[in-house]
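Numbering that gives the first Met the number 0 numbers the first residue of the sequence shown as 0 and each following residue consecutively. Taking it in order: structure first as structure tokens, then the write-up.
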Amino acid sequence: MILKTLQEAIIHFDNPQNCIDYMIRLRWPDGVVRCPTCDSTTATWMPRRRLFQCKAKHPRKQFSVKVGTVFEDSPIALSKWLLVAWMLGNCRNGMSSHEVARTIGITQKSAWFMLHRLREAMKAEPQILTGVVEADEAFVGGKIQNMHKRKRPVGAGFSKRATGGMAKTMILGLLERAGIVQTEIIQNRNKEVLHEIINRSLAADAVLVTDEHHGYKGTKHYHVNVNHGFDGYTVGRYHTNSIENFWSCLKRMLKGTYISVMPKHLAAYATEQAFRFNVRRGFTEQQRHHVALHGIQGRRLTYAELISRV
Ligand SMILES: [Zn+2]
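So, in structure tokens, the structure goes:
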């Protein structure tokens with residue numbers, strides 16, 4: 000079934016059977032349903048209860064299509080999950096939990112948890128980057144005084160004086176000129192930290208393009224150092240404009256949509272923005288929805304884990 004618009008998606012996923020059929024195609028593309036407990040392929044479908052039943056002898060023999068995914072244990076209907084995934088995967092600047100709460104009629108707290116579980120599913124497996132790769136680090140986050148006292152970060156890197164009153168988190172971004180972007184939270188931008196990530200993320204013959212920060216010097220890659228002061232941001236065809244553009248999109252999303260973000264959740268917002276960047280061209284809305292949900296399987300994010308993130 001080809002769905003072209005949000006309106007078509009709303010109608011399609013309003014039917015519970017369509018949601019179940021979609022989940023089966025997403026989780027088991029070969030059509031063979033596997034028991035999340037024992038991996039057996041003998042489960043039979045019980046249409047009235049909308050559950051599978053595994054023939055093997057073990058607890059949790061009956062399972063829904065949510066079991067073993069980020070949706071497990073959620074009382075929110077699949078039709079709402081799949082709809083919010085469509086919206087989050089296709090919007091330009093993110094969606095606030097207030098907006099989701101209003102749109103589908105759940106509490107803001109449930110919506111906030113829901114969006115974080117979807118970001119968990121959006122997380123891509125790390126890839127080896129090739130060709131011309133721009134690397135740059137950014138400080139993102141909000142003003143400490145906008146945060147609730149109990150939520151203000153403490154400890155190294157968050158000294159109010161050192162960061163000018165800002166609860167800033169440092170993120171390293173690696174952007175493949177012809178392809179994808181990957182982000183990672185870093186504690187500092189020392190040579191050891193930067194080299195370790197670059198050496199494990201870039202193919203040996205990749206060309207690394209960075210600004211003049213000394214921490215990038217001396218990796219095993221061919222390195223073009225763009226000096227912002229003298230070269231007008233480009234050295235021949237090399238520049239770091241693409242990664243800088245990514246940072247401005249991330250900052251715009253944080254400022255415009257999510258407003259007050261705790262540093263411990265920034266990795267999730269960077270994941271969301273990287274997802275958006277990586278499917279920006281050549282994808283239909285339905286394909287973005289599908290890619291956004293690619294990681295639901297085998298991932299879990301409980302509320303306790305989410306709020307205890309450090
Ligand atoms: Zn089983």
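Even glycine gets a Cβ: it sits at the ideal position worked out from N, Cα and C. Please read all numbers here as calculations on a predicted model, not as lab measurements.
Could you check whether the Cβ of T43 sits closer than 8 Å to any heavy atom belonging to ligand 1? Not under cutoff, so the answer is no.
How would you label A273, buried or exposed, when you count the other beta carbons within 10 angstroms and need 16 or more for buried? Label assigned to A273: buried.
Meets three-Cβ-pair contact criterion under 8 Å: the stretch 21–39 and the stretch 60–76: The answer is yes - the stretch 60–76 touches the stretch 21–39, with three or more Cβ pairs under 8 Å.
Determine the direct distance from the alpha carbon of G235 to that of I306, and round the result to whole angstroms. The alpha-carbon atoms of I306 and G235 are separated by roughly 47 Å.
Applying the 10 Å Cβ sphere with the 16-neighbour rule, what's the burial state of A267? Result: buried.
Can you look up S158 in the DSSP assignment and give me helix, strand or coil? Note that S158 has pLDDT 46, beneath the 50 cutoff, so the model's placement of it is unreliable and the number below is only indicative. Reduced to three states, the DSSP call for S158 is coil.
Going along the chain, which residues of its own chain have a beta-carbon closer than 7 Å to the beta-carbon of H241, five neighbours each way excluded? The amino acid occupying residue 241 in the given sequence is Ser; His does not appear at that position. Excluding sequence neighbours, S241 sits near E133, L174, R176.
Can you list every residue whose CB sits closer than 5 Å to some heavy atom of ligand 1, going in chain order? Taking each Cβ in turn, the ones that pass are C34, T36, C37, S39, C53, A55.
Sequence-distant residues of the same chain with beta carbon closer than 6 Å to I179, five excluded per side: N277, listed in sequence order.
Exposed unless 16 or more other CB atoms sit within 10 angstroms - verdict on R24: That one is exposed.
Rounded to whole angstroms, how far is the Cβ of V225 from the Cβ of D210, which I believe are closer than 8 Å? Contact holds; Cβ gap of about 6 Å.
Output needed for T182: all residues of its chain with C-beta closer than 6 Å, excluding positions within five of it in sequence on either side, in chain order. Cβ neighbours of T182 beyond the five flanking positions: I170, G172, A269, A273.
Taking the alpha-carbon of S63 as reference, which of I19, H264, K190, K219 has the nearest alpha-carbon? The option with the nearest alpha carbon to S63 is I19.
With 16 other CB atoms within 10 Å as the buried threshold, where does L21 fall? For the sequence presented, residue 21 should be read as Tyr rather than Leu. Only buried fits Y21, as 16 or more other CB atoms lie within 10 angstroms of its CB.
Look at the Cβ atom of A8, then the Cβ atom of L128, and state whether they are nearer than 9 Å. Result no, Cβ atoms of A8 and L128 do not sit closer than 9 Å.
Could you check the C-alpha separation between F12 and E284 for me, to the nearest Å? Each residue's alpha carbon lies about 15 Å from the other.
Under the three-state reduction of DSSP, which class applies to I295: helix, strand or coil? In the three-state scheme derived from DSSP, where H, G and I count as helix and E and B as strand, I295 is classed as coil.
With V192 as the anchor, note down where its alpha helix (DSSP H) starts and where it stops. Annotation for V192: the continuous alpha helix (DSSP H) segment containing it runs 190–200.
Taking buried to mean at least 16 other C-beta atoms within 10 Å of its own C-beta, is E124 buried or exposed? E124 is exposed by the Cβ-count criterion.
Nearest-angstrom Cα distance between Q144 and H115? Because Q144 carries a pLDDT of 49, less than 50, the predicted location of this residue cannot be relied on, and the following value inherits that uncertainty. Q144 and H115 have their C-alpha atoms some 24 Å from each other.
Cβ-based neighbour list, V31, same chain, cut-off 6 Å, excluding 5 preceding and 5 following: The residues are T40.
With respect to the alpha helix (DSSP H) encompassing L265, which residues constitute its N-terminal and C-terminal limits? Here the alpha helix (DSSP H) through L265 covers 265–277.
Enclosing alpha helix (DSSP H) for F245 [first to last residue]: Boundaries of the alpha helix (DSSP H) harbouring F245: 240–252, taken from the DSSP string.
Start-end ranges of the beta strand (DSSP E) lying completely within the stretch 69–155, minimum 3 residues: Those beta strand (DSSP E) runs which fall completely within the stretch 69–155 and span 3+ residues are 131–142.
Who are Q181's beta bridge partners in DSSP? Beta-bridge pairing links Q181 to L173.
Going by other Cβ atoms of all chains shown within 10 Å of its Cβ, with 16 needed for buried, is D135 buried or exposed? Burial call: buried.
Alpha carbon to alpha carbon, what distance is there between R251 and Y237? Taking the CA atoms as reference points, Y237 sits about 25 Å from R251.
What residue from N198, G140, H289, W111 has the CA that sits closest to P28's CA? Of N198, G140, H289, W111, the residue nearest in Cα terms is H289.
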